[in-house]
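*Asks:*
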Amino acid sequence: MFDLGFKPRRLLIALPLLGFIATYLLLAQEKAQSPQPKDGESEATSTYQLLAKGVVGSTPFRVQFKSAPLRLEIRNLVMGRGETEAIPTPARILLELRQGGVTTTINQGKMSRTQGDFWVVEKGSTFTIQNPGEIAVLRAIYIFEGSR
Amino acid sequence: MTNDMSQVRATVLVLALICFTCVGCRDTSWRAYGHDTTQFSRQPNESVLNASTVSTLHVIWDFSVPGGGALTASPAVYDNTVYIGSLNGHFYAVYASGAKQGQIRWQYPPAAPPDPPDPCGTTTAPLLIAAGSGNPSGPGIASSAAIANSVAGHTAVIVGAPDPNSNGGDGRLWALDEATGQCIWKSAVIAPTSGTSKIGYSSPAIAHGRAYVGVSAKRPDAPITLGRVFAVDLSNGALDPAFNFSAVSGPAPGGGVWSSPAITPSGNIVVTTGNSCIHEGGTNCNVIPSPDYTNSILKLDWHNGSVLWQVQPVAIEHDFDPDFAASPIVGQVSCGSLAISIQKDGYVHAADIKTGGPFSNPACSYAGHSLECPRWSFPPVSSLPFQDDGHGDSDFKRQGALDGDHLFIAAGGLDLEPPPGHNEQEVFNRLHSLNVCTSDADRIRWILPNLPQSAGGVSVANGVIYLGTWSPFDTSASPHHLLAIADTDVLPPTSFICSYPGIPSGFMCSSAGFKNVGVPVIVKDVTLTGSIQGIPAISGGRVYVSTGGGHLYSLGQ
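These protein sequences, in sequence, are chains C and U.
The opening position of the first sequence corresponds to residue 1 in the working numbering, with each subsequent residue numbered one higher.
The opening position of the second sequence corresponds to residue 1 in the working numbering, with each subsequent residue numbered one higher.
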């Protein structure tokens, strides 16, 4: 009866990847390499870096798997109104739009994304984001395979 | 003829004298929770305190509640008297200035048995709920008082409180003579002890010869109660049978009114409501109510309580307790008439008040719900209602203050979505100033970050914002702060901050598409004993502040 925002296409992309990640999390003894900030830690210690003109990324939260050649880096990509220059894609990136509505261009393919959408950007892709609103926040999971 | 001319001259002289003296006798009272029924929390007639003089602000007197008793209500100020009720079940009238400043003018119930007997049957027993009390808004008085004229020939203090002589604490409104404290009437029962509701933090809004007040759960969400608004006849305390608003209809409760109603320029009522029980558990809570007025800003017809429009930002299936705990701010700004409030998830919503109705907009409606769209939300949202589970109780419960088009409020801000590994708690300790009549791109005027504690009640006069810091439900004697902050229109900012506060200001901020906005000057920081849950009341060169630690302070130069 209610629109729950169910989009089968998103799940087709997201579920295998999430399953892949979950399997490794179960099998491997992962180790978080970024220290967890303490509750109430001041904003001044929350550092962002400019990833490309138009978008910043939060300090990566790193997870190194011991029993598999896999490293994850989880960060928020944050942008205001405007369009980014090409965002580096040093690894396969699983993205979720957490806030706002954006248009992505991946290897010249444009796609509108709404809050809650998942998608993947392959390593080495040309990737830009256009945000017509005042705020867009994306959760990005960088998947470094073959990395210890 | 000569006599006539003399009389005319004398009359002109008297009139001129009255005009001259009235410059110095403008109404500086603070008659209700948010100053008046608009809930702007703004003192328009303050002539002493401003950005230049407030730097010497200090405690003039400190009234400590006798025997202890938290003050979670806000003070009202009228006739050189500060009025406030305590969770200990006593209502106090304290001299504001003069030789007896800081001393009790009267208290209710009185310290000694009244002679002749009190017309409302009260002896000396405090106004408490005997059992199943409304922790943390009880067991006594959490409702802030309102001053009303022409109440059966009196100027009266109207306040919600339990009646100890009625089933162990039935909730009623009480009308007390402002000068003597004698009870004029107590209303018919509004929140029976046998039920699940009480008059909690809701304070009466006075209009149309009535006092409008809401009820909420005795104990927050344990269990959820049916939110209702009542209209009480000021002449005799009778409930107006023609006025009827219930937040839900059906077998399950919901929509408690924790806040204080506001009155629109044309006299209608705006209220905010709390959550449903859909995710709280309980009998029939799996049934979607119809109508469903939970978690909403609502405009009600003042005659009968019928709903003229509803803004419900979070769809009921995703109701994880994002109540509107804050009262609405309602009134005229340069771009029309707005009703503004903040939900506990940190989002501010502003709706057009409009004339007439009922109104709805398909763009913001969903199955079983004909809803209006807000004019704007902050942070901006792409569509409403939210259809995700990320909206709950993040403790954004204070309503803010409005001065012209400038809103001062403890809001979530653009960075409500914390980066991985960070706690959303980080965004509580800041104050935003928003322009309510601009586009989203220019909404943020300034941000005051890194406050020593969470930002609480706010009021404003002459470009100075008075902000109390608070810790929700804290009734201890822990130190908190009253800050006097100069708006950037009256003093230039000390520095700049990115409008997305986690990003460093300067080049990186602008490169990411955000704006560098000012950080206003804190002109004065006064440490007080206890959490400041209420609104600092500004009146006649003084600021009156109540604390959960049981202190009522008067601060001045």
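We treat Cβ as the ideally placed atom computed from N, Cα and C, and that holds for glycine.
1. May I ask you to list, following chain order, the residues of the stretch 102-121 of chain C that have a beta carbon less than 8 Å from some beta carbon of chain U?
2. For C:T103, write down the residues that DSSP places opposite it in a beta bridge.
3. Within 10 angstroms of the Cβ of C:N131, are there 16 or more other Cβ atoms? Answer buried if so, exposed if not.
4. Opposite U:S334 in the DSSP bridges: which residues?
5. Given U:P164, which residues of its chain have a CB within under 8 Å of its CB, disregarding the five upstream and five downstream residues?
6. Identify every residue that forms a DSSP beta bridge with U:I498.
7. Give the single residue among U:E280, U:S74 and U:G305 whose Cα lies nearest to the Cα of U:I269.
8. Just the C-alpha distance for C:S125 and C:T89, rounded to the nearest angstrom, thanks.
9. Please determine, among U:S510, U:S337 and U:H481, the residue with the shortest C-alpha to C-alpha distance to U:W470.
10. Quick one: does C:T128 have its CB under 9 Å from some CB of chain U?
11. So U:F507 is in the alpha helix (DSSP H); what residue range does that whole segment cover?
12. Does DSSP classify C:I74 as helix, strand or coil?
13. For U:F91, would you say it is in contact with chain C, using Cβ-to-Cβ distances shorter than 9 Å as the test?
14. Excluding five sequence neighbours on each side, which residues of the same chain lie with their C-beta closer than 6 Å to the C-beta of U:D321?
15. Starting from the C-beta of U:T488, find all residues in its chain whose C-beta is less than 8 Å away, skip the five residues before and the five after it, and write them out in chain order.
16. Looking only at its own chain, which residues have a Cβ that is under 6 Å from the Cβ of U:G102, when we skip the five neighbours before and after it?
17. Mapping the DSSP letters down to three states, classify U:A131 as helix, strand or coil.
18. Any beta-carbon of chain C closer than 9 Å to the one on U:G530?
19. Per DSSP, U:S143 is paired with what?
20. List, in order along the chain, the chain U residues whose C-beta lies closer than 8 Å to that of C:Q99?
21. Kindly give me the distance between the Cβ atoms of U:I566 and U:S143, rounded to whole angstroms, as I take these residues to be in contact under 8 Å.
22. Please work out which residues of its chain come closer than 7 Å, Cβ to Cβ, to U:S266, disregarding the five sequence neighbours upstream and downstream, and give them in chain order.
23. So, helix, strand or coil for U:S594, using DSSP?
24. From C:Q99 to U:Y33, what distance separates their C-alpha atoms?
25. In chain order, what residues of the same chain have a beta carbon less than 7 Å from the beta carbon of U:S546, not counting five sequence neighbours either side?
26. Cβ atoms of U:A262 and U:P358: under 9 Å apart, would you say?
27. Compute the Euclidean distance between the alpha carbons of U:V348 and U:I340, then round it to the nearest angstrom.
28. Go through its chain and collect everything with a Cβ distance to U:Q39's Cβ below 6 Å, but skip five positions before and after it.
29. Going along chain U, which residues have a C-beta under 8 Å from C:L50?
30. Can you tell me which of the three DSSP states U:T272 falls into?
31. Counting contacts by CB-CB distance shorter than 9 Å, is C:G124 in contact with chain U?
32. Can you name the residues that DSSP bridges to U:S216?
33. Buried or exposed: U:G513, going by 16 or more other Cβ atoms within 10 Å of its Cβ?
34. Are U:R398 and U:G456 touching if we call contact CB-CB under 9 Å?
35. Which residues mark the beginning and the end of the beta strand (DSSP E) in which C:I143 is found?
36. Is there a Cβ from chain C that is less than 9 Å from the Cβ of U:P504?
*Replies:* Well, looking at it:
1. T114, Q115 and G116
2. Looking up residue 103 of chain C in the first sequence gives position 103. Per DSSP, C:S112 and C:Q130.
3. Here residue 131 of chain C is taken as the residue at index 131 of the first sequence, counted from 1. Buried, because 16 or more other Cβ atoms sit within 10 Å of the Cβ of C:N131.
4. The sequence position of residue 334 of chain U within the second sequence is 334, counting from 1. Note: U:S334 sits in no beta bridge, so no partner.
5. Start at 1 with the first residue of the second sequence, and residue 164 of chain U comes out as number 164. G89, T122, A125, P126, L127, L128 and A130.
6. Taking the first residue of the second sequence as position 1, residue 498 of chain U is located at position 498. Inspection of the sequence shows that residue 498 of chain U is occupied by Cys rather than by Ile. Bridge partners of U:C498: U:N516.
7. Along the second sequence, one-based indexing puts residue 269 of chain U at 269. Checked all of U:E280, U:S74 and U:G305; the closest Cα to U:I269 is U:G305.
8. Locating residue 125 of chain C in the first sequence gives position 125, counting from the first residue. Locating residue 89 of chain C in the first sequence gives position 89, counting from the first residue. Going from the Cα of C:S125 to the Cα of C:T89 covers about 6 Å.
9. As a first step, residue 470 of chain U is located in the second sequence; it is residue number 470 there, counting from the start. Nearest option by C-alpha distance: U:H481.
10. As a working note, residue 128 of chain C is residue 128 in the first sequence. It does not: the Cβ of C:T128 has no partner Cβ on chain U nearer than 9 Å.
11. As a working mapping, residue 507 of chain U is identified with position 507 in the second sequence. Note, U:F507: alpha helix (DSSP H), F507 to S511.
12. Your numbering for residue 74 of chain C matches position 74 in the first sequence. Reduced to three states, the DSSP call for C:I74 is strand.
13. Residue 91 of chain U sits at position 91 when you count from the first residue of the second sequence. Chain C, which has no Cβ nearer than 9 Å to the Cβ of U:F91, makes this no.
14. Locating residue 321 of chain U in the second sequence gives position 321, where the first residue counts as 1. Counting only Cβ-Cβ distances below 6 Å, and skipping sequence neighbours, we find N275, G392 and D393.
15. Position 488 of the second sequence, counted from the start, is the residue given in the question as residue 488 of chain U. Answer for U:T488: S433, R445, W446, G518 and P520, listed in chain order.
16. As a first step, residue 102 of chain U must be located in the second sequence, where it is residue number 102. Correct list, in chain order: W61 and F63.
17. Counting from one through the second sequence, the residue named residue 131 of chain U turns up at place 131. Reduced to three states, the DSSP call for U:A131 is coil.
18. Position 530 of the second sequence, counted from the first residue, corresponds to residue 530 of chain U. Chain C, which has no Cβ nearer than 9 Å to the Cβ of U:G530, makes this no.
19. Indexing the second sequence from 1 puts residue 143 of chain U at position 143. U:S143 pairs with nothing; no bridge assigned.
20. Against the first sequence, residue 99 of chain C aligns to sequence position 99. Correct list: P379, L416 and E417.
21. Outside the shown range of chain U (1 to 557) lies residue 566 of chain U, about which nothing can therefore be said.
22. Position 266 of the second sequence, counted from the first residue, corresponds to residue 266 of chain U. So the list reads T355, once near-sequence residues are dropped.
23. Since the first residue shown for chain U is 1 and the last is 557, residue 594 of chain U is missing from the structure and cannot be characterised.
24. Counted from its first residue, the first sequence places residue 99 of chain C at position 99. Counted from its first residue, the second sequence places residue 33 of chain U at position 33. Going by the C-alpha atoms only, they are around 35 Å apart.
25. Residue numbering aside, residue 546 of chain U sits at position 546 when the second sequence is read from its first letter. Counting only Cβ-Cβ distances below 7 Å, and skipping sequence neighbours, we find L71, A73, S74, P75, I84, G534 and L552.
26. As a first step, residue 358 of chain U must be located in the second sequence, where it is residue number 358. As a first step, residue 262 of chain U must be located in the second sequence, where it is residue number 262. Going by C-beta atoms, U:P358 is not nearer than 9 Å to U:A262.
27. By one-based count along the second sequence, residue 348 of chain U stands at place 348. By one-based count along the second sequence, residue 340 of chain U stands at place 340. Roughly 7 Å separates the two Cα atoms.
28. In the second sequence, residue 39 of chain U corresponds to position 39, counting from 1. The residues are A262, S327 and I329.
29. Position 50 of the first sequence, counted from the start, is the residue given in the question as residue 50 of chain C. Residues of chain U passing the Cβ test: M508, S511 and A512.
30. Against the second sequence, residue 272 of chain U aligns to sequence position 272. Strand, per DSSP.
31. Working through the first sequence from its first residue, we reach residue 124 of chain C at position 124. It does not; no Cβ of chain U falls within 9 Å.
32. One-based indexing of the second sequence puts residue 216 of chain U at position 216. U:K198.
33. Along the second sequence, one-based indexing puts residue 513 of chain U at 513. Looking at its Cβ environment, which holds 16 or more other Cβ atoms inside 10 Å, U:G513 is buried.
34. What you label residue 398 of chain U is simply residue 398 of the second sequence in a count that begins at 1. What you label residue 456 of chain U is simply residue 456 of the second sequence in a count that begins at 1. Yes. Within cutoff.
35. Against the first sequence, residue 143 of chain C aligns to sequence position 143. Its beta strand (DSSP E) spans residues A136 to E145.
36. Taking the second sequence and counting its residues from 1, one reaches residue 504 of chain U at position 504. Closer than 9 Å to some Cβ of chain C, the Cβ of U:P504 qualifies, so yes.
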